[in-house]
Structures are given as C-alpha cells and as structure tokens.
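Order-wise, the sequence lines are chains V and H.
For the first sequence, my numbering assigns the number -17 to the initial residue and increments by one for each residue that follows.
For the second sequence, my numbering assigns the number -17 to the initial residue and increments by one for each residue that follows.
Below is one structure; the comments refer to it alone.
2 protein chains.
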Amino acid sequence: MNPHVFDQAIALTPTGDGHYAGAISPAYANMVGPFGGVTAATALNAVMLHPALLGEPLSLTVNFCAALADGPFTVSAQPVRTNRSTQHWVVAITQAGAGGEDETVVTASVVTAARRSTWSVDDEPMPVVPMPGDVPPYTVPSPVEWLRRYEMRPVEGAIPHTWDGSGSDSQTRLWMRDAVPRSLDLCGLAALADVFFPRVWLRRATRVPAGTVSMTVYFHAGSAQLAEVGHGWVLGQARAQAFRNGFFDQTALLWNEEGHLLCSSHQVVYYKE
Amino acid sequence: MNPHVFDQAIALTPTGDGHYAGAISPAYANMVGPFGGVTAATALNAVMLHPALLGEPLSLTVNFCAALADGPFTVSAQPVRTNRSTQHWVVAITQAGAGGEDETVVTASVVTAARRSTWSVDDEPMPVVPMPGDVPPYTVPSPVEWLRRYEMRPVEGAIPHTWDGSGSDSQTRLWMRDAVPRSLDLCGLAALADVFFPRVWLRRATRVPAGTVSMTVYFHAGSAQLAEVGHGWVLGQARAQAFRNGFFDQTALLWNEEGHLLCSSHQVVYYKE
C-alpha cells in the first residue's frame, strides 16, 4: 500500500544533525506555493522524526518568510533546550535561491512536553451545529489543488459564491477531514488548523490577494486522543478579530465530534487593499 | 531625568552583529525570574534597536525555555529574510550556565512590516465596562515586585482573595497602565499583553505553580497610534479555552480607552496538578 498523499507530502529523509530533505508535493498546491498547513505539518514532522524528541507537541509557531518553490527543500530541527518535562526546538526550512545559495523560506519554533494527567476542563464548548451527516458537501468553484485533498462541510460562513462586497461577519464553522481516509495525528491536526480560507474574503465578500504570515497551534490533544478520532470529522471554527492596514488576525478552535477541544490556533494574515 | 524603570529593564547595549548585552532588573522580579512581559519586551527591543529593521512589529512569539537568572544576559536578533514589505527575525536570549557555557533561556521570532493604509475594521468591540476613573484600584495581597510597576483596575475576574476552589470562569477584564507615567509604545504593549495572572488560579480559585511556556502578540496598532494613548489606560481581557494535562491556553485582547483594538495575544501556560 502506498503511503497516504498527506504522508507523502510531509515525508522527510534524515540527512544527519537534525537536517532533513523533503520535496514540494503538487497534490497540495495552492495559488502560490503549497498549502501552508502542509508546510506547518512538515516543520512539525522534522521534530517528530528527531531521535532526541521528548514528549509530544504542545506549541507550534510557523513564520512564512516566502513562498516555497516547487522542488526540494531542507528542514533543520534543533533542540536548543531540554528540561525535565519540556523541550524547545528551533526549526527552519531553506531552499536554494536563484543564485544557488540557501535562502530561509520558513522559520518555526516548537515546544514539546511530556504531559501528566491533571485536573482538566474545556471552557470552549463546541457550538451546537448540525452533525456532518446532516450537512451537504460544499463544492468550491474552481478549487486550488489542495482543497481537493479535504472533505469540507460548512455549517456557517462558507466561501462566498458571489463577490459582491456584502460581507458583514468573519466567522466560519465547518466539518472537515481528509478526502482519502487517514487517521488523525498531530501533523494532520496542524494542517487542519490552516484549512480556513482568508477571513477577509468572507468579511468583505471580496476576493483580494491574501496569505498567512505567521501561525501558531496550541495542542490540547495528544496522539492517543487523535488516534481515537481516526478518520472522523473535526469541527473547525475561525474568525478574525481585527483587519488593520494590510493584516488581519484569525483565531480558530478545532473539536472532535464528541466536542473535545483538540487545539486552538491563531494566525496573522496579509491582505491587499 | 533618569530613564523610566521599564526602559531601564529592557535596555540593551549593542555589542555588534545583532548581539546585545542586557541585565535582569530587580524592579520586575516575579516569583521565579523576571516578569515574562518584560522578557518579551526585551526580545522585541533587540529587533527595534537593530539598524537593519524594516517597518514595525506585526507578530512576536516568545518561548520561555528556562527561568532567567539574576545578572547579565545576551540577546541575539538576526534578520533571516527581508522582503519588499516584511522582514523575519530570529531572536534568542542566552545566559551563562552553571558551568560557564552559554545556555538558551528564550527563543523568539518577530515579523516586522512596512504597513500601508487599507480597508480596516475591528470585529471585536471593546466590552461595555465602567471607565477606569469609576473603578477602584485593586491591591493584590503580598504582590511580587513587578506587580508594583503597574496600576490595575479589574472590572471582572480579579485575582481571588480567598483560595477556596470555588472558581467557575476564567475571564478577567481590567484597566491597566504603568504605575509611573510612561507613553505607550510597542515594547510596552508587548509587556502589557502578559500582565494577566494565570487563568488556572481564577478558574479553580486555587493557587498552583504556573508559568508561561510560549506567548504570541499580533500588533494591530503601530507606534503612532500607541503614542496617542500616551499614559492612558488600556483595557485588557483574557480567558482560557482549555485546561488539559498540565497546560492551558490563554487568549487576550487589549483596547485603548476609545475602544480600538491594539493587539491580540495568546499564550500556553504550564500548571501543576
């Protein structure tokens, strides 16, 4: 059996000293460069594959410095501080530039932690929405390639079908999962956290150039809880808080079907005009 | 006139190649190490002082790897990618360890941007709360030193006076500003974003060891808008979304008195038990 298309896209070959070789997958192509969620998952995967890894991801921040070009890239993942129960990683993705020299296209940081069971509570209950079986699939007109890799069933704030400047709200809620069955894991969740189309398109019902500059994921679930999700649906909710002079922020929450919060995620996004 | 105590605390002396020398200020001492907000502001200050700086801060992520020890430290701020209108920085703070070798105590990333006026809107209106002149000051019993550096007037979710396990909510809203007048700026705002006491103390009305692991600030205001705030009050709102196995997340918003959103900020925080 071939690996899942997502696992192919984030696949890395260790080349020593925390360096890894990867290649852009055309299956996740976006308008310019690849889907940012797959890039975030690839940065995280370098940490997951590192032999010195302690625990599981708690926090991931990915800064998109430039569009990745088709072809090979290098990921560096270095543990810069290992404590008793947490570990701090500095990650970078580089590609050969026009002149052949290495250029930084992504910087990232990851905190991993060996977690213990403690008093726990969720303070963001999953909103009451129709269950995925009751929501019709949504077909995005002329989707970019990566959108075909996911099943999406929006219950609120779908990508507009008409760009008439009528928007008044920036909130989207949608059920989502891989189009080809794949059991959810930490890299898969990191990618799902970036699935939401630019909030400015919804808020203005106007399509303007936009792209994520920096995103952060705080993982509330570990790999065991995600494995229980299996190929189940994840409910995602995203909205903007401010649009200001070329950049807006997005705050997102992702729950499993039982209403357990899997992660919270935030990003700041460039937009034009 | 002596510099403001905050400016003394974040002061850095350039030593070349994006390296800076600083020293821990006892004026912002926390229970263990300094107030994290001042550490975040110090990391940002290294970028602000760098001669290659393009634009103003858009995004700041600070990972707290270990408690900073009293005494000197070194900040390194390196621009790893400069685009037409954005610039990506990798920052680290190091201190000499027990054996004399340099140890990483903070990693950080900063994105700066040259912003242009565009269509803009705030989607998080400031909550309706009493204005600061109508809110009595709140005295924290036995405050740590850094708390004396700020005036705080909580309108909701003050730090509990009795630790009786009765908590049911994690939201705090408070007016805040420097105790000694200082005009607000980007470093000052970064510090204010970390003023909120650990959400787990409020949610459980139980005082357990807790400390920020990673924090992110998205700047919606630039230095000109912050200068207009001057020594005015800032309304901060913070709440947790999930407490899970030793870590909770916090999501925060900060407005000026006129209700303009100055920044959104997020963090993940360790807690015991």
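Using N, Cα and C, we set each Cβ at its ideal position, and we do this for glycine too.
DSSP bridge partner residues for residue i (one or two, in chain order)
| i | result |
| --- | --- |
| H:Pro123 | In the DSSP output, where bridge partners are listed per residue, H:Pro123 has none listed. |
| H:Ala95 | H:Glu38, H:Thr68 |
| V:Ala9 | DSSP lists no partner for V:Ala9. |
| H:Cys245 | H:Phe201, H:Leu236 |
| H:Gly115 | DSSP, once it has assigned bridges, lists no residue as partnering H:Gly115. |
| V:Val73 | V:Ala59, V:Ala90 |
| V:Ala192 | V:Tyr253 |
| V:His1 | V:Gly(-2), V:Ser58 |
| V:Gln219 | V:Arg155, V:Leu235 |
| V:Ala78 | V:Asp84 |
| H:Met134 | H:Met158 |
| V:Asp104 | H:Ala224 |
| V:Asn45 | V:Thr89, V:Ser196 |
| H:Pro16 | H:Ala11 |
Where residue i meets chain V, residues with beta-carbon distance less than 8 angstroms
| i | result |
| --- | --- |
| H:Glu138 | Per Cβ cutoff of 8 angstroms: no residues; H:Glu138 is ~15 angstroms from chain V at best. |
| H:Val93 | Asn45, Val195, Ser196, Val250 |
Proximity of residue i and residue j at Cβ, strictly below 7 angstroms
| i | j | result |
| --- | --- | --- |
| V:Ala173 | V:Val20 | yes |
| H:Ala59 | H:Gly0 | yes |
| V:Trp145 | V:Thr188 | yes |
| H:Ala49 | H:Thr154 | no |
| V:Thr100 | V:Pro39 | no |
| V:Val190 | V:Lys254 | yes |
| H:Met30 | H:Val126 | no |
| V:Arg135 | V:Pro114 | yes |
| V:Ala192 | V:Val110 | no |
| V:Ala5 | V:Pro54 | yes |
| H:Ala51 | H:Gln77 | yes |
| V:Ser102 | H:Asn227 | yes |
| V:His202 | V:Leu243 | yes |
| H:Val137 | H:Pro119 | no |
Same chain, Cβ closer than 8 angstroms to residue i, five either side skipped, listed in chain order
| i | result |
| --- | --- |
| H:Ser150 | Arg185 |
| H:His213 | Arg159, Asp160, Pro163, Arg164, Ser165, Leu166 |
| H:Cys47 | Thr86, Val87, Val88, Thr89 |
| V:His248 | Met197, Thr198, Asp231, Gln232, Thr233, Ala234 |
| H:Ala74 | Val57, Ser58, Thr86, Val88, Thr89, Ala90 |
| V:Ala28 | Leu(-6), Gly0, Tyr2, Val57, Ser58, Ala59, Val73 |
| V:Arg63 | Gln69, His70 |
| V:Ala22 | Leu42, Val44, Ala90, Ala172, Ala173, Ala175, Asp176, Met197, Val199 |
| V:Ala209 | Ser165, Leu166, Asp167 |
Contact list for residue i against chain B, beta-carbon separation under 8 angstroms
| i | result |
| --- | --- |
| V:Ala187 | The structure shown contains no chain B; its protein chains are V and H. |
Where residue i meets chain H, residues with beta-carbon distance less than 8 angstroms
| i | result |
| --- | --- |
| V:Trp101 | Arg186, Phe225, Glu255 |
| V:Glu106 | Gln223, Ala224 |
| V:Thr86 | Val62, Arg63, His70 |
Own chain partners of residue i with C-beta closer than 6 angstroms, once the 5 adjacent residues on each side are dropped
| i | result |
| --- | --- |
| H:Glu239 | Gly214, Trp215 |
| H:Phe17 | Tyr10, Trp128 |
| V:Pro142 | Ala187 |
| V:Thr257 | Because residue 257 of chain V is not part of the residues shown, which for chain V are -17 to 255, the question remains open. |
| H:Thr194 | Gly18, Phe46, Gln249, Val251 |
| V:Ser148 | Ala187 |
Proximal residues to residue i (C-beta, below 7 angstroms), its chain only, five neighbours per side dropped
| i | result |
| --- | --- |
| V:Asn(-16) | none |
| H:Leu26 | Pro39, Leu42, Val92, Leu168, Cys169, Ala172 |
| V:Val(-13) | Ala9, Arg131, Val162 |
| V:Ser152 | Arg181, Leu184, Arg185, Arg221, Ala222 |
| V:Val122 | Leu129, Ile141 |
| V:Val36 | For the sequence presented, residue 36 of chain V should be read as Leu rather than Val. The answer, listed in chain order, is Thr64, Gln69, Thr94, Ala96. |
Contact list for residue i against chain H, beta-carbon separation under 9 angstroms
| i | result |
| --- | --- |
| V:Glu239 | Within 9 angstroms Cβ-Cβ: nothing; V:Glu239 doesn't reach chain H, min ~17 angstroms. |
Where residue i meets chain V, residues with beta-carbon distance less than 9 angstroms
| i | result |
| --- | --- |
| H:Gly4 | Those within 9 angstroms of H:Gly4 in chain V number zero; the least Cβ separation is about 19 angstroms. |
| H:Arg97 | Arg226, Asn227, Gly228, Phe229 |
| H:Thr233 | Thr233, Ser246, His248 |
| H:Thr89 | Val62, Arg63, His70, Trp71, Val72, Ser91 |
Under 7 angstroms by beta carbon: chain H residues contacting residue i
| i | result |
| --- | --- |
| V:Leu243 | Gln223, Ala224 |
Within 7 angstroms of chain H by C-beta, residues of the stretch 35 to 60 of chain V in sequence order = Leu40, Ser41, Thr43, Asn45, Cys47, Ala48
ask   = Using Cβ-Cβ distances below 8 angstroms, what residues of the stretch 9 to 33 of chain H are close to chain V?
value = none
query = Between the stretch 66 to 77 of chain V and chain H, which residues of the former have CB atoms less than 7 angstroms from a CB of the latter, in chain order?
reply = Thr68, His70, Val72
Residues, ordered as in the chain, of the stretch 189 to 205 of chain V that lie near chain H by beta-carbon distance below 7 angstroms = Val195, Ser196, Thr198, Tyr200, His202
key: Where the stretch 141 to 165 of chain V meets chain H: residues whose CB sits under 7 angstroms from a CB there   = Ser152
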